[in-house]
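According to mature numbering (1 follows the signal peptide of the UniProt record, and there is no 0), the residues represented by the sequence shown are -18 to -1, 1 to 890, in order.
What follows is a short report on a single structure.
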Amino acid sequence: MKVLILALVLACMGLSLASSSHSAADKILIKGGVVVTNGTYTPDGPAAAKSQADAFIAVTGAIGLLFAVFLFWTVSRVSLTGDGGEDSESGSLISTKESDDELFVIYETIRSGAKDFLWAEYQICFIFVAFFGVVICVLVSHTTDLAGASVWDFNAGIHTTGAFVIGASTSILAGYIGMMVAVYANARTTVSAKKEGAAGWMCSFNTAFRAGGVMGFSLCSLSMLILYAVCLLYRENFSAFNSKGFRSVDYTSLFECIAGYGLGGSAIAMFGRVGGGIFTKAADVGADLSGKVIGVGDGKKLDEDSPYNPACIADNVGDNVGDVAGMGSDLFGSFGEATCAAMLIGASSIDIAEHGWAALVFPLFISATGIVVCMVCSFVATDIRPVQKEEDVEAVLKVQLGLTSLVMTIVLYPVAAWALPETIHIQGVAGVVTPLTCYFCIISGLWGGCIIGFITEYYTSHSYQPVRDVARSTETGAATNIIYGLALGYQSVIIPVVLLSAIMFISLKSAGMYGVALAALGMLSTLATCLAIDVYGPISDNAGGIAEMVELPSSVRDKTDALDAAGNTTAAIGKGFAIGSAALVSLALFGAFITRTSVRMNPASALNTKGVNLLSPIVFASVLFGAMVPYWFSALTMRSVGEAAHAMVKEVARQFAEIKGLADSAALDFHERQQWRSQGKELVKPDYHQCIDIATKASLREMIAPGVLVIASPILVGTFGGVEAVSGLLAGAIVSSVQLAISMSNTGGAWDNAKKYTEKGELNGWFQYHDGTGLRDEAGFKAKASVSTGDACLTQKVKTGGQERDVPIRQWLGDVQKTDPAKYQKIMNGDFPVTAVDGRQCKYAGKKSQAHAAAVVGDTVGDPLKDTSGPALNIVMKLMAIISVVFANFFMSLNHGNGLFGFGDIIP
């Protein structure tokens, strides 16, 4: 709460100071295409528009921050002592004080682990910002004048460095707020789930969703307010007065320096995504592998979700590190880069510059409008149509996404018509661009992102056929599961790439690179809602993990599992948004790079007249090199996860070997542990902190090499190969990164949900059907069973009291486990078939079966794909592009843009 209030005060103070420093600038007229002031107040002219722009940005940003504070207050009202946590199941009660104390201990362990990781990561970030800030200041200061001669301009270097530091600091602050709110809300979501009936569903959902909203609204509002304040401050510094008192503003140089803000946000996002991704998947894979290789006695294996698995707390910490702080920094970087690209390209249009300040900062109006729309629509999920039962959760989240997109579609055109001039001439566009044209570019991005998100869900949710096919492939082992999953990932690339191609074509054709930047902002216009839903997922996941570790009753775990399942579905949609927006942002930055270099290039140069020539030797070679970089990057991150997970498994094995009584405690089931507690026996817990420490050190150590690769590549290529080489590098990296990011994320997501589909018993009630020849006819089987899925798909005839009745297979298995353990073990191993209702044979395919083991292999392989390498590729293409934009003038100063080796064809 204190951090949020402080952020609100600082942002408003900065905006107020920035606005007050421009009292003279509020009185502006347009003369001869130059923005000037002469002391005459013109209420119907640009001065009025600027005042309205200031008010619009300030008010919407303040509303967003205040709403974030309000949401945090509602979450804080949930007490960690809960309502007692009484179990609704007969014969099983959990002591209120015991469960509450245990819950608080686990909550504090997760919270301290997250804070320790953030502090360790941010120490490295501070060092990087200081070092790279010096690099930016020196290299960006080496630029060219309009005649093409190399000069030193430390004004540009200092301002770019300042924007870089501010952007990095904002990203760090946003990540910290999101992380702390997520770990603050996870246990409170668990406590809310203790309530019975509809109240429990509504309270637990609202707690998780509102906590996600704190992250969404605070990040969007802070980033917008701070960026606008920087724009206002820099506007003063890039103004000049002539002898008659008229003032002109060099908007091109201003927004070139503002690009440093996007670079700062994206650089921190690289550390957050890579470091956080390595942490979370090292812990997750380590916990999964521990469950396969660590024995706890009587032939049992350690459950990966067991509270006696030392890696399980690190796994919960990792959910926050990677999926909250990392993802928040990623999307903050997308916002900053898309906004900077749009303003930089827009400043190159005389029509936009002459129309005034409101037209120049129109990209920020899109985000400001989105904050208000998302805030109003959020009440639908929490108050107007609240969650009442399990089936409501996923529906409410999807309605939230659709509703915000629909309302944005309605309100964006009036904003565009007010801010933009009636006609806009943009370089490279044959026709005249109008506000309606810009509106269609924004809407194409907005709805294109929605479609890509839902296509991603189709390929990663077990509600649809592709993932079910992957789950059924586990019948023949892990190899076929891997093959099916890879094929699914490759196939899932087709439709999103076709959609992205269509969006890019329409936007480029209609409004040039300015249209592409607006399409990217359209995709990000509902960012507050998307972030709220994305953060809701890991909070719910943590809530379920806490309920499992505290060993709360199944009524609580059922709620948290349902919330988590819905979060997984919407997380897939969010990943589609993130990848799609990253692709559009990268292309927009590519356009900004070409725009920036063309200003200081000989008009006769081929790059200026015809664009990038793919057949140029240096361009073609750079395209191939750029396409290779994402693979190199992915290899580094995948290997890092493997090494860290290996260290994690060794630590888990050490603890079970050295901590006396740990294996005995882990071997007990839930009811046996309850009996031990009632008898006063002590259960031994593992050393969670050691696993957290291993994951922290490994992630911070391993994130350096991938970061250096991405940051150094465009700088070195531009220095030695020139501007054309950088153009090829970016083209190759963008194309390669998009394909890899989609296929990796969807492959990993499909394997994850195929495992969950198996665990839920959806393979015909935990069993795979055979007709005696290895073929399956699931439809016919279900028809004869007269049910769709679940317990009743398979029943066994059992005689009780002289009468024969049908007993659900799960209940029958429990009886067999007690009366004939040997037979039970054969059934669970898949060695003993069970007769189905139609007289045919089925083999067990539920948890800890052979099919499940194959599914776990796929899930374990897919973890680093979907949560480390895949999402981090978003940063790869964006960071390489924004670095190229920031250092564009430096590249132009080296041999007229041909690089130190003179490989380019740019005419001096």
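C-beta: ideal position from N, C-alpha, C; glycine also.
I need the straight-line Cα distance from residue i to residue j, nearest angstrom please.
i	j	result
G497	L691	30 Å
A350	L513	15 Å
T143	S153	15 Å
I10	M206	Here the model assigns I10 a pLDDT of 35, short of 50, so the residue's position is not dependable and the matter cannot be decided.
I485	C423	8 Å
A264	S831	25 Å
R367	W614	47 Å
G519	G435	16 Å
T755	A544	The pLDDT assigned to T755 is 39, lower than 50, so where the model puts this residue is not dependable, and the model offers no usable value.
P696	G608	9 Å
D773	V798	Its pLDDT being 43, under 50, D773 is placed unreliably in this model, and the coordinates cannot settle the point.
A399	I45	24 Å
G471	T458	20 Å
K737	G844	11 Å
Y441	H878	48 Å
G526	A453	23 Å
F814	K829	16 Å
residue 891	A854	This structure leaves residue 891 out entirely; the chain is present only between -18 and 890.
V611	H671	36 Å
N463	V87	39 Å
D841	L847	10 Å
E84	F702	60 Å
S875	S132	5 Å
K679	W183	38 Å
residue 907	N168	Any question about residue 907 goes unanswered here, given that the chain covers just -18 to 890.
D451	A837	12 Å
Measure the CB-CB distance between residue i and residue j and report whether it falls below 7 Å.
i	j	result
F146	G310	no
I515	L379	yes
C673	A307	no
H444	N137	no
D325	I857	With the sequence shown as reference, residue 325 is identified as Met, and Asp is not the correct amino acid for it. No, Cβ-Cβ distance for M325 and I857 is not below 7 Å.
I408	G494	yes
A715	I676	no
P345	T321	yes
V172	T189	Note that residue 172 corresponds to Thr in the displayed sequence, not to Val. Not in contact: T172 and T189 (Cβ atoms no closer than 7 Å).
A241	V867	yes
A502	S426	no
G43	S203	yes
L644	P668	yes
D540	D523	no
S268	V705	Per the sequence shown, the amino acid found at residue 268 is Gly instead of Ser. The answer is no: Cβ separation not under 7 Å.
A323	A40	no
M505	G431	yes
V303	F108	no
V397	A193	no
V163	V196	yes
I864	G244	yes
M726	S851	yes
T511	A529	no
A560	T438	no
S598	L711	no
N291	S272	yes
Per DSSP, which one or two residues make a beta bridge with residue i?
i	result
T125	V133
R659	Answer is none; R659 lacks a bridge partner.
S221	V231
Practice problem: Please specify which runs of the beta strand (DSSP E), each continuous and at least 3 residues long, are wholly inside the stretch 368 to 415, giving them in chain order. | Solution: For the beta strand (DSSP E) assignment, the stretch 368 to 415 encloses no uninterrupted run of at least 3 residues.
Quiz prompt | Three or more C-beta pairs below 8 Å linking the stretch 634 to 646 and the stretch 601 to 621 | solution = No, the stretch 634 to 646 is not in contact with the stretch 601 to 621.
Quiz prompt | Ordered list of alpha helix (DSSP H) runs contained in the stretch 145 to 204, each at least 4 residues | solution = Taking only runs of at least 4 residues, no alpha helix (DSSP H) segment lies wholly in the stretch 145 to 204.
Quiz item: What are the uninterrupted segments assigned as alpha helix (DSSP H) that are 4 or more residues long and contained completely in the stretch 520 to 581, given in chain order?
Solution: DSSP assignment within the stretch 520 to 581 yields the following whole alpha helix (DSSP H) runs of 4 residues or more, N-terminal first: 536 to 581.
Quiz item: Looking at C-beta atoms only, is the number of pairs between the stretch 713 to 727 and the stretch 464 to 479 that lie closer than 8 Å three or more?
Solution: The stretch 713 to 727 is in contact with the stretch 464 to 479.
Quiz item: Touch check for the stretch 562 to 571 and the stretch 316 to 325: three-plus C-beta pairs under 8 Å?
Solution: Output reads yes: the stretch 316 to 325 touches the stretch 562 to 571.
Self-check item: Ranges of the beta strand (DSSP E) found wholly within the stretch 305 to 354, counting only runs of at least 3
Solution: The stretch 305 to 354 is shown to contain no whole beta strand (DSSP E) run of 3 or more residues.
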